[in-house]
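Residue numbers (the numbering used here): 115 to 180. Every residue, glycine too, gets a C-beta built ideally from N, C-alpha and C. To start, the structure itself, in structure tokens.
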């Protein structure tokens, strides 16, 4: 099983910059921004803006099914 890794940068409403990876099944690039926003919301961080350009494809790698 492979995953695509998206290098993600966002700015919070308090001006802090965050860098994290979004992991998706191959061919789901259009979901990278949505998943980034959902994860940030789940940890209580409001991003000033998340645009598709801030979720840039980095590489693919093998993933452990678990």
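Beta-carbon gap between residue i and residue j smaller than 7 angstroms
| i | j | result |
| --- | --- | --- |
| residue 134 | residue 169 | no |
| residue 137 | residue 117 | yes |
Residues bridged to residue i [DSSP beta-bridge criterion]
| i | result |
| --- | --- |
| residue 161 | 126 |
| residue 132 | 124 |
| residue 118 | 138 and 174 |
Residue range of the unbroken beta strand (DSSP E) whose run includes residue i
| i | result |
| --- | --- |
| residue 176 | 169 to 176 |
Residue i CB to nearest heavy atom of the ligand SAM below 6 angstroms
| i | result |
| --- | --- |
| residue 178 | For the ligand SAM, the structure offers nothing, since it holds no ligand at all. |
Local conformation of residue i per DSSP, three classes
| i | result |
| --- | --- |
| residue 155 | helix |
Local Cβ density within 10 Å of residue i, reported as buried at 16 or more and exposed below that
| i | result |
| --- | --- |
| residue 147 | buried |
| residue 150 | buried |
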